[in-house]
Structures are given as C-alpha cells and as structure tokens.
Amino acid sequence: MTDLTSLTLAEARKGLAAKTFTSRELTDAHLSAIEAARVLNAFVMETPDQARAMAREADGKLAKGDAGPLAGIPLGIKDLFATKGVRTTACSKILGNFVPTYESTVTSQLWRDGAVMLGKLNNDEFAMGSANETSCFGPVGNPWRRDGSNTTLVPGGSSGGSASAVAALLCMGATATDTGGSIRQPAAFTATVGIKPTYGRCSRWGIVAFASSLDQAGPIARTTRDAAMLLRSMAGYDPKDTTSVDVPVPDYEAAIGKSVRGLRIGIPREYRLDGMPAEIEKLWSEGASWLKAAGAELVEVSLPHTKYALPAYYIVAPAEASSNLARYDGVRYGLREQAKNITELYENTRAEGFGAEVRRRIMIGTYVLSAGYYDAYYLRAQKVRTLIKKDFEDCFAKGVHAILTPATPSAAFGIGEKGGADPVEMYLNDIFTVTVNMAGLPGIAVPAGKDAQGLPLGLQLIGRPFDEETLFSLGEVIEQAAGRFTPARWW
Amino acid sequence: MSVDAATVRRIAHLARIAVSEGEVPHLQGELNAMLAFVEQLSEVDVEGVEPMTSVTPMQMKKRLDVVNDGGIADDIVANAPATEGHFFLVPKVVE
Chain A
44 MTDLTSLTLA EARKGLAAKT FTSRELTDAH LSAIEAARVL NAFVMETPDQ ARAMAREADG
104 KLAKGDAGPL AGIPLGIKDL FATKGVRTTA CSKILGNFVP TYESTVTSQL WRDGAVMLGK
164 LNNDEFAMGS ANETSCFGPV GNPWRRDGSN TTLVPGGSSG GSASAVAALL CMGATATDTG
224 GSIRQPAAFT ATVGIKPTYG RCSRWGIVAF ASSLDQAGPI ARTTRDAAML LRSMAGYDPK
284 DTTSVDVPVP DYEAAIGKSV RGLRIGIPRE YRLDGMPAEI EKLWSEGASW LKAAGAELVE
344 VSLPHTKYAL PAYYIVAPAE ASSNLARYDG VRYGLREQAK NITELYENTR AEGFGAEVRR
404 RIMIGTYVLS AGYYDAYYLR AQKVRTLIKK DFEDCFAKGV HAILTPATPS AAFGIGEKGG
464 ADPVEMYLND IFTVTVNMAG LPGIAVPAGK DAQGLPLGLQ LIGRPFDEET LFSLGEVIEQ
524 AAGRFTPARW W
Chain B
3 MSVDAATVRR IAHLARIAVS EGEVPHLQGE LNAMLAFVEQ LSEVDVEGVE PMTSVTPMQM
63 KKRLDVVNDG GIADDIVANA PATEGHFFLV PKVVE
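For the record, the sequence lines run as chains A and B.
For any residue, its number in the numbering used here is found by taking its place in the first sequence, counting from 1, and adding 43.
For any residue, its number in the numbering used here is found by taking its place in the second sequence, counting from 1, and adding 2.
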C-alpha cells in the first residue's frame, strides 16, 4: 500500500468508499506522521484518542453506506476554532487552559460530515502575524527549505500551523482563518491551496475574534479540488452569526474542471510594485498566459486605491481587535495575575497574558478610537475602505470575472529575519492580500512555481462576492499548468 | 501625528495593560512607526465618501425576542480562574 498520507483528500475519499483502507488506518498513518514531525511545531495539541474514536465512528458509517461527504478524512484545526472539550488557546498565554463548552459552527459542520480531528494547529497569537512567530507555543517550521540550506524558514501566518501541516502531509486539510491574508500568504509560502471565502460565507461563531468585520474562515488543502470539498462543508448560513449570509452553498467541487473560456481576467496595474522581484513578475505573467491558453481573456484593470489598503487595515483591524480583546480581563476565563484592586488585576493580567505584537495592536487600536483621534484615524480609514471596495465594484461592473495577482511579494523567509526593528516590515507581507479583506471579497492562493532558491511561490485570484466557484475553476487551470509541489522531507 | 511618552502611558492605561517605565521608549518608537505608516491616508480625498459600516449590502438581522438558550451557569463559570458557586470572584471593588 502506498503511504496513505501522500494521498489527496479526493483520493482518500475514493479509497475509503472502495474499502481499500479504513479511516482508522488513514488516521493512524497521520498520527504517526504528526509524531515524527514534532520539530515543525505545527500542532499545539494532538488528540489521538479522539481521532481514533471519530475514525471508528466514520468506519461504521462507511460500512453501512450512510457516510457524509468527508467521512473518515483526518483534518487539523487551527487553534482559533473553539472545540468542545479540547483546549483552545488562540496560541495566547491569556487563554491559558481554556476548554470550550461549545463547538464552533464551522468545525461542527466538518464533524457533521464525518471528518476526523487530529488535533489543534499552531497560529500567530490571536491570528496577529504573518510568520507564525508570535505564538505563545513558539514558531512553526516551514517544511520547505532553500536549496542546499538547513535554515528553517517561516511557513507564513497567521495560519502557519495549518499550512505547514498540510504541506508536510500531517493532515489531509486544515481549517484556517484570514483577516488580512492569513490563509493565502501561508498557502503561498508552503505550496498549498488556501481560499478565503466572501465575508459572510462561513460562520464566525465560535472562532476567537480578531477583527470582526474582516475575519473569515476557510480551508487550506493540497489541491483546489480538496479545498472545494472542505469549503462546501465549512460554509453555510448560521443564525448565531448576524453577519452570516443566507445564500445556498453550491457544490464547489463541480466547478473544478469547468471551462474558463470567455472569462475576463483583470490584471491590476497597481499590483506591479517598484522593486518587485523579477521572479514574482515572471510568475504572474506565466499565470496569465496559462489562463489565456485555457480560453480566458486578459484585460488590464486599475484599482487606484490599492496602496491605501494596508495602512487603512492597520487602523481598522487594531481598532476592532482592541474592542474584541477587551474580554480578556482575568475574571471570566484564562490567565489571572494577582493584584490588590480590580484595575491592577486587569492591567497585570493583560500585560502578562498578551504577547508583544498583540499588546502593540491593542494599544494602536485604543489610540485610534480614543477621543479626539477617532475622526482623523478610524473614520477616515473606514471611508478609504469604501473607496477600496468601489475600485473592485467598478472593475467587476466592466465585465471582469476575476482578478489575477501575485499572492505575496516574496517567498518564505527565515525565522527572526523580518520585523525585528520595524513592525511595518512584517506587515508588508500582506500587501497583495489585504485589499480582499477590506472589500469582503473571496480570494484563493494557488501554488504556481518556485523561486531561484527552490522555494514555492503562489498566485492569487480575487473573485466577485459569493463567486468562489469561478475561483476554483481558474485555480484548477493554474494547478494543472503549474503541477503540484511537494517538499523534500528533512524532519 | 506622533505620540509622546505621556500619551503612551495614557493609552496603556486606557487599554488596561500595565507598562513599566522601561518599556515606554520602545513602545513609543513602535507606535510612532505605525502612525507614520498610516499617515499616507491623509493624502486620500474622502470628501463626501460614506464610511463603510458593512462590507456586504444587507439589512441588519434582528433576532426574535425570545429566550432560546440558558440554564448553563455551570458552563459559563467552568473556565473562570476564581469562582464561588455561580459567581465570579474579583478583588473588593466597593469599600
């Protein structure tokens, strides 16, 4: 039997249905792989007993023939999703040993469809980061290394554990979340597929909140087809999230392999940055030529407010975070530092419990919302956000079906290499992805090639609201043309 | 705009995060780097532009005014660091 962990999710589904192997065997293969890959630090909690129990149940249903679409498929769950009875920390010391008494809507839908939970995955603390270096459990290693180098690189962030685990064949797919690029950037750094759906497509209920108007859940997987299968289960209307949108969930998998002939693909000139590495430029035009060869029409488009998306994001996101994270007060759950009065209890707990990046963002958010500064910063940023969204609307109104851009301005970098002196250096990683969150649109990152050092690079496709299907069709064209990329095992 | 040391201390207190005197200069530098970065928004003409309140064009949904959950006090206090019965314990607030 071939190594079960190297199968795609779609292949595993076939094998399970044909009874070539059981979910228990598939699950055990992954549990062993996780154990052997602890040096990557992708998992912050392994749940082997629960995984085997869920696999046994899936095998029972598969035998009876009433199995759900993900029956027996082992997945990893980002530690931002509340999992009933399983420690959930957002990789922050302040949540300590928080054990939810409820299950997030997204994960409950995966279990409804028969998936198996292998454990909880590392991420940047409260999803604030682009390298998975701010986690209280320490950084995650990228399974990819530069050719001929032993330097461990970051997997991107904030969903670094998800991307690393999927790329290293530790799970068949993973949940992730994306506030400014946290699904797409790590996917690009690890040669995996990551999709951030339209805002409102997946319920945010039970996901630790960072910036509520930007946060969306989505999958990271090894192929566009696998990502489509996962999103179908994760998406859907949930009355418990008032921003969840009540529109039917299509069969995303049906979009895989669908012709892209006649689709108009926008190439935004503002994404051509000064000093952009030549290999990113080359990858981008190569991607465009693949889509053209498949029958799509390329048109140059303009998104004039692109350069303002990142600065506006660094007002809106910290402002919302400062409000959302006010709940960590040392009283209701999590860490508590002793103090002689209630104010000191709050102050000491929050100083001790939050890491440096989170403290910095809470403080910036507090400042831009404070009396006298609200109009100059927050209100202005929300107006700029309206303009960013309008750029996309104008573009789509001209008949553009999707927009093609690079996913990241560079390939993965070394642990500790960026953002040490100036936090903004790290923030620039999200320059191509953050516009999509600001406008609430769907965006997919697909592996498309490698740089001169042998590191993976990705392309991003941005779609119309609730048109994830077109992104899957186009992503599949790129995947077919570029081929798949697997890291050489060193761990 | 930039912040001075007194403003850093004021923000930290508003955010209820204890900051030692030694941390102030460092934080001040980082916050000013972020403020310098977002400063470029001032060149955008936002005259007559509505601020975004919802990214999806939808009516705000309202829940029915009915009780549909409850009776889970045990769950609510399950993760609290200090409780007595179904109460959260905090240092004395009123003298």
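We treat Cβ as the ideally placed atom computed from N, Cα and C, and that holds for glycine.
Only a predicted model underlies this, so the values are computations on that prediction, with no experimental measurement involved.
- [ ] Could you pull out every unbroken beta strand (DSSP E) segment of at least 3 residues lying fully inside the region 474-512 of chain A, listed in chain order?
- [x] Complete beta strand (DSSP E) runs here, min 3: 486-493, 499-506.
Task: Helix, strand or coil at Met406 of chain A [DSSP, three-state] - done: Here Met406 of chain A sits in helix by DSSP.
Open item on the list: Any beta carbon of chain B sitting closer than 8 Å to that of Tyr280 of chain A?
Closed with: No, because no Cβ of chain B sits closer than 8 Å to the Cβ of Tyr280 of chain A.
Task: Contacts around Ser302 of chain A, its chain only, beta-carbon distance under 7 Å, and the 5 residues preceding and following it disregarded - done: Shown here for Ser302 of chain A: same chain residues with a beta carbon closer than 7 Å to its own, the five before and five after excluded, namely Gly338 in chain order.
Open item on the list: Could you tell me which whole beta strand (DSSP E) segments of length 3 or greater appear in the region 77-162 of chain A?
Closed with: Every unbroken stretch of the beta strand (DSSP E) spanning 3 or more residues and falling wholly within the region 77-162 of chain A is given here in chain order: 86-89, 117-121.
Open item on the list: Going by beta-carbon coordinates alone, are Val292 of chain A and Ala488 of chain A separated by less than 8 Å?
Closed with: No Cβ-Cβ contact shorter than 8 Å links Val292 of chain A with Ala488 of chain A.
Task: Alpha carbon of Thr392 of chain A to alpha carbon of Val21 of chain B, nearest angstrom - done: Using only the alpha carbons, I get a separation of about 12 Å.
Open item on the list: For the region 152-161 of chain A against the region 92-103 of chain A, do three or more pairs of beta-carbon atoms, one drawn from each stretch, fall closer than 8 Å, so that the two count as touching?
Closed with: Using a C-beta cut-off of 8 Å, the region 152-161 of chain A makes contact with the region 92-103 of chain A, since at least three inter-stretch Cβ pairs fall below that distance.
Task: Length of the line joining the Cα atoms of Pro186 of chain A and Pro198 of chain A - done: When rounded, the distance between both Cα atoms is 8 Å.
Open item on the list: Does any residue of chain B have a CB that is nearer than 8 Å to the CB of Ile405 of chain A?
Closed with: Yes, Ile405 of chain A lies at the interface with chain B (some Cβ there is under 8 Å from its Cβ).
- [ ] May I ask you to report which of helix, strand or coil DSSP gives Met44 of chain A?
- [x] Residue confidence for Met44 of chain A is low, a pLDDT of 45 falling below 50, so the modelled location carries little weight and cannot support an answer.
Open item on the list: Does the region 191-209 of chain A come into contact with the region 281-296 of chain A, if we say contact requires no fewer than three beta-carbon pairs (one atom in each stretch) closer than 8 Å?
Closed with: By the Cβ rule, the region 191-209 of chain A does not count as touching the region 281-296 of chain A, because fewer than three pairs are nearer than 8 Å.
Open item on the list: What does DSSP give as the partner residue(s) for Asp465 of chain A in the beta ladder?
Closed with: Partner(s): none; Asp465 of chain A has no beta bridge.
Task: First through last residue of the alpha helix (DSSP H) which encompasses Pro354 of chain A - done: Pro354 of chain A -> alpha helix (DSSP H) spans 352-367.
Task: Exposed unless 16 or more other CB atoms sit within 10 angstroms - verdict on Tyr470 of chain A - done: By the 10 Å Cβ count, Tyr470 of chain A comes out buried.
Open item on the list: Please report whether the beta-carbon of Ala75 of chain B lies at a distance below 8 Å from any beta-carbon of chain A.
Closed with: It does not: the Cβ of Ala75 of chain B has no partner Cβ on chain A nearer than 8 Å.
Open item on the list: Which residue wins for smallest C-alpha separation from Leu422 of chain A, given the options A:Lys433, A:Trp327, A:Ala355, A:Tyr280?
Closed with: That would be A:Ala355, whose Cα lies nearest to the Cα of Leu422 of chain A.
Open item on the list: Any C-beta of chain B within less than 7 Å: which residues of the region 140-161 of chain A qualify?
Closed with: Within the region 140-161 of chain A, the residues whose Cβ lies closer than 7 Å to some Cβ of chain B are Phe141, Val142, Thr144, listed in chain order.
Open item on the list: With a threshold of 8 Å between beta carbons, is Pro93 of chain B in contact with chain A?
Closed with: Yes - at least one Cβ of chain A is within 8 Å of the one on Pro93 of chain B.
TODO: Would you mind working out which of B:Arg18, B:Ile13, B:Met3 sits nearest Glu395 of chain A, comparing C-alpha positions?
DONE: Closest by alpha carbon: B:Arg18.
Task: Assigned secondary structure, Val209 of chain A (DSSP; H/G/I helix, E/B strand, else coil) - done: Helix at Val209 of chain A.
- [ ] Report the option in A:Val142, A:Trp154, A:Arg428, A:Gly184 whose CA atom is closest to the CA atom of Lys104 of chain A.
- [x] Measuring from the Cα of Lys104 of chain A, the nearest candidate turns out to be A:Trp154.
TODO: Consider the Cβ of Ala1 of chain B: report whether some Cβ of chain A lies at a distance smaller than 8 Å.
DONE: Absent from the model: residue 1 of chain B. The displayed extent of chain B is 3 to 97, so no value can be given.
Open item on the list: Measuring only the C-alpha atoms, how far is Leu118 of chain A from Leu257 of chain A?
Closed with: In a straight line, the C-alpha of Leu118 of chain A is about 25 Å away from that of Leu257 of chain A.
Task: Buried or exposed (CB count within 10 angstroms, at least 16 for buried), Met44 of chain A - done: Residue confidence is low: Met44 of chain A scores 45 on pLDDT, short of 50, so the model does not pin down where it sits. No coordinate-derived value is stated.
- [ ] With 8 Å as the threshold, decide whether the Cβ of Phe89 of chain B is near any Cβ in chain A.
- [x] No, because no Cβ of chain A sits closer than 8 Å to the Cβ of Phe89 of chain B.
TODO: Can you say whether Arg507 of chain A is buried or exposed, counting buried as having 16 or more other CB atoms within 10 angstroms of its CB?
DONE: With 16 or more other CB atoms across the displayed protein chains lying within 10 angstroms of its CB, Arg507 of chain A is buried.
Task: Whole-angstrom C-beta distance between Asn84 of chain A and Val183 of chain A, which should lie under 8 Å - done: Val183 of chain A to Asn84 of chain A, Cβ: 5 Å. Contact.
Open item on the list: Distance cutoff 8 Å, beta carbons only. Does Asp465 of chain A sit that close to anything in chain B?
Closed with: Judged by the 8 Å Cβ criterion, Asp465 of chain A is in contact with chain B.
Open item on the list: Across the region 432-449 of chain A and the region 501-516 of chain A, are there enough close Cβ pairs to call them in contact, namely three or more that are closer than 8 Å?
Closed with: Between the region 432-449 of chain A and the region 501-516 of chain A, the count of Cβ pairs shorter than 8 Å is three or higher; the stretches touch.
Open item on the list: I want to verify the contact list: residues of chain B whose CB lies under 8 Å from the CB of Ile358 of chain A, in sequence order.
Closed with: In chain order: Val40, Leu43.
- [ ] Starting from the C-beta of Arg11 of chain B, find all residues in its chain whose C-beta is less than 7 Å away, skip the five residues before and the five after it, and write them out in chain order.
- [x] If we look at Arg11 of chain B and ignore the five residues flanking it on each side, its Cβ neighbours are Val21, Val26.
Task: Met406 of chain A to Ala482 of chain A span [Cα, whole Å] - done: When rounded, the distance between both Cα atoms is 25 Å.
Task: Among A:Leu447, A:Ile474, A:Pro229, nearest to Pro311 of chain A - alpha-carbon criterion - done: It is A:Leu447 whose Cα lies nearest to the Cα of Pro311 of chain A.
TODO: For Ala336 of chain A, verify whether its CB is less than 7 Å away from any heavy atom of the ligand HEM.
DONE: In the structure on display, the ligand HEM does not appear, and there are no ligands present to speak of.
- [ ] Name the residue from A:Gly216, A:Ala206, A:Asp102 whose alpha carbon lies nearest to the alpha carbon of Gly224 of chain A.
- [x] Comparing Cα-Cα distances from Gly224 of chain A to each of A:Gly216, A:Ala206, A:Asp102, the minimum goes to A:Ala206.
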